Amino acid sequence: MIEVEVHQQLSNLLRQSPELNWPHQLTMARLVARGLRLGRSALIQVPGGEQHRLSYLLPALMWPGPTLLCAPAAIQNQLIHDEIPWLQSRLNLSKPVLQGEDWPSPDFGGLLLMDPLIWLRKRLRPQSSTTLSPEQQSAVPTQVPLLLDRVERLESWVQEVLTTSISTPDWSRLQRAVPQMADRISDIHVELTLKLLQRPLSPCLFLEDDLALLDQILVPLPAEIPAPWSWFRQQVNREHAVIWADIHRATGQVSIHVSPICLDEIMSSIWATQPLVMIGEAVDLDRSATSFRQRLGLPDLTALRFLPETSFGLDQVGLELMVYTPRLPVPNSPLFRDHILSQLKRLICDGGGEVVILVSDQPLQAQIATALAAEFGTRVVVNGSNQHENSILVCSWDYWLEDRVTLLPPTLLAIVTLPFPSMEDPLVAARVSYLRRKRQDWFRTYMLPTAAAHLQQAVSPLRARQAGMARTAKSEPLLAILDSRIITRSYGSQLLESLGPIVRSPQGQLLA
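Numbers in my numbering are just positions in the sequence shown, counted from 1, shifted up by 29.
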């Protein structure tokens, strides 16, 4: 069986290259190999880092049948240029490996690397692509085992693919395509733009009268209209669609978007067409990833979660992460900003090395950055990649979660507010409203699991730095969670537990 062959080859490889050893390497490799052999889907949650890739790459290269591996471009490049050639050379593997946007041929039996967004677009919206021929659209393989890496980003990928946007040039294209309605289209565009520009917030949800105004052109339009209007009209008429607008006040322009609130029904039909092994970093609170699976309509599958190890190598050095959770005013208190600044300044002065401060509220982010720059000067960087030694990076959660793998792992990671989805986001507000109407616990089925996943992902660079520190005498990294809800609310213990092995630091010990 392939599980035995993979186990033997990987065991030999790890003996020859002990630097590649990861406590769960063999277990995960056997699970991936079993999934390929039986067509049994699996969801594997892994700690942050790159150590797990060998566990799915070796089975994919040893499996005799065709395989599709979807991973972002950065991971693909590393696999193509480093890891795959190394494995092929060390183990004399001859399976063909290609990288591209289309399945090479019906009889291709190798490993194809493809960007997840490209695969999703071809599966979910083939007719919306004007660049694909019918042959290319139909060439997206089904029934071929799919390996999907960085699955913690899957929900945002699906939402991106299923979101249709209308910008100013699209209105002009529609006028040219339907000249008999050109004047009416122009009038509605101007009226809707002026109406939305009066809204105080951006992005903002469409109200009923906004949609009624838009319907004045959508309803009488002919059947054949150009993209993206054809897809936009189709999505607007779907049940449980959310429509919102981005307002660009500097240019006086408005972009309109429509997206499904619920992804489960749409995605369940996709998962039914092929076996899949999904690998990602911290997608939910628990091993079974119940909320994550429900939101994405995933089938019954084997779920496994590997926590960060509590020891490193043969020295059994403890890897409990130091976590500091002071009791401060709650985030909506007028005293919150001053207490946060005081804590941050003392933490920065007491420590050394790189600092990352996570705060998504833009006014608060600007206030914190300005105050710290007045004291620490050019060390302070805001949402920038120009990190340097001893820099203080003040950034949003989105920025850190997207770019953390390319940035320096910090000595201090300070979390100003917990990463609950913002109700100012139209998609979040629409989803919460939908769950309320269905009398579901929107907080515990959506908000809390999402916050837990983001919290775990944000902390992974500290774990990587900590593992490196285990070989040296340098000080360990510190996680400071300055949102007191982590210690005053009942869900706080669940969030802390989701982080893996930690040790709580008493307040007086750090800030005496």
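All C-beta atoms in this analysis are idealised placements derived from N, C-alpha and C, irrespective of residue type, glycine included.
Quantities reported herein were computed from a predicted structural model and do not represent experimental measurements.
Environment of residue i [buried if 16+ CB atoms lie within 10 Å]
{"i": "Q45", "result": "exposed"}
{"i": "L221", "result": "buried"}
{"i": "C291", "result": "buried"}
{"i": "D454", "result": "exposed"}
{"i": "V187", "result": "buried"}
{"i": "E383", "result": "buried"}
{"i": "K467", "result": "exposed"}
{"i": "L67", "result": "exposed"}
{"i": "D136", "result": "exposed"}
{"i": "C378", "result": "exposed"}
{"i": "E181", "result": "buried"}
{"i": "S162", "result": "The predicted position of S162 is uncertain, since its pLDDT is 47 and thus under 50; a value taken from the coordinates is nonetheless stated next. Burial call: exposed."}
Residues sharing a beta bridge with residue i, DSSP
{"i": "G309", "result": "Q74"}
{"i": "C233", "result": "A274"}
{"i": "P289", "result": "A270"}
{"i": "Y353", "result": "A509 and S534"}
{"i": "S194", "result": "H286"}
{"i": "T399", "result": "None, per the DSSP bridge assignment."}
{"i": "M143", "result": "C99"}
{"i": "T331", "result": "A71"}
Range covered by the alpha helix (DSSP H) that runs through residue i
{"i": "W260", "result": "W258 to V265"}
{"i": "R69", "result": "That residue, R69, is in no alpha helix (DSSP H); it is neither H nor E in DSSP."}
{"i": "D178", "result": "Per DSSP, D178 belongs to no alpha helix (DSSP H); it is in the beta strand (DSSP E), L175 to D178."}
{"i": "L116", "result": "I113 to L120"}
{"i": "V219", "result": "A211 to L226"}
{"i": "V33", "result": "I31 to Q45"}
{"i": "E526", "result": "G521 to S527"}
{"i": "S134", "result": "Careful: S134 lies outside any alpha helix (DSSP H) and carries neither H nor E."}
{"i": "D379", "result": "F365 to D379"}
{"i": "A89", "result": "R82 to M91"}
{"i": "S320", "result": "T319 to R324"}
{"i": "R514", "result": "R514 to T517"}
Range of the contiguous beta strand (DSSP E) that encloses residue i
{"i": "D275", "result": "A270 to H277"}
{"i": "V384", "result": "V384 to L387"}
{"i": "L127", "result": "V126 to Q128"}
{"i": "V410", "result": "V409 to V411"}
Inter-residue Cα distance where the pair is residue i and residue j
{"i": "D275", "j": "L116", "result": "47 Å"}
{"i": "Q107", "j": "I147", "result": "19 Å"}
{"i": "R119", "j": "I113", "result": "10 Å"}
{"i": "L370", "j": "M351", "result": "21 Å"}
{"i": "A256", "j": "T193", "result": "10 Å"}
{"i": "Q303", "j": "E130", "result": "18 Å"}
{"i": "R59", "j": "H36", "result": "7 Å"}
{"i": "T280", "j": "L226", "result": "11 Å"}
{"i": "A102", "j": "Q396", "result": "35 Å"}
{"i": "V532", "j": "L524", "result": "14 Å"}
{"i": "M452", "j": "A252", "result": "36 Å"}
{"i": "R278", "j": "S231", "result": "9 Å"}
{"i": "P138", "j": "V75", "result": "It is worth fixing the name first, because residue 138 is Gly in this sequence and not Pro. Cα to Cα, the separation comes out at about 28 Å."}
{"i": "P88", "j": "V488", "result": "29 Å"}
{"i": "F235", "j": "R465", "result": "19 Å"}
{"i": "R228", "j": "H218", "result": "16 Å"}
{"i": "M476", "j": "P450", "result": "6 Å"}
{"i": "S40", "j": "H53", "result": "12 Å"}
{"i": "L528", "j": "L484", "result": "8 Å"}
{"i": "G413", "j": "V207", "result": "45 Å"}
{"i": "Y353", "j": "A443", "result": "9 Å"}
{"i": "V126", "j": "I308", "result": "20 Å"}
{"i": "L314", "j": "T474", "result": "10 Å"}
{"i": "L376", "j": "F365", "result": "16 Å"}
{"i": "T96", "j": "R334", "result": "23 Å"}
{"i": "P490", "j": "R152", "result": "33 Å"}
{"i": "S167", "j": "L149", "result": "Residue placement at S167 is poorly supported in this model, since its pLDDT is 43, which falls under 50; the coordinates still yield a value, given next. Computed Cα separation, rounded: 13 Å."}
{"i": "L437", "j": "V388", "result": "18 Å"}
{"i": "Q29", "j": "Q469", "result": "With the chain running from 30 to 541 in the structure shown, residue 29 is simply not present."}
{"i": "N50", "j": "A71", "result": "22 Å"}
{"i": "A318", "j": "W300", "result": "16 Å"}
{"i": "L98", "j": "D244", "result": "42 Å"}
{"i": "I195", "j": "N266", "result": "16 Å"}
{"i": "S420", "j": "D432", "result": "16 Å"}
{"i": "L357", "j": "G406", "result": "26 Å"}
{"i": "D329", "j": "Y85", "result": "20 Å"}
{"i": "R492", "j": "T440", "result": "11 Å"}
Check your understanding: At what residue ranges does the stretch 413 to 457 contain a whole run of the beta strand (DSSP E), taking only runs of 3 or more?
Key -> Within the stretch 413 to 457, the beta strand (DSSP E) runs of at least 3 residues that lie entirely inside it are, in chain order, 421 to 424 and 441 to 444.
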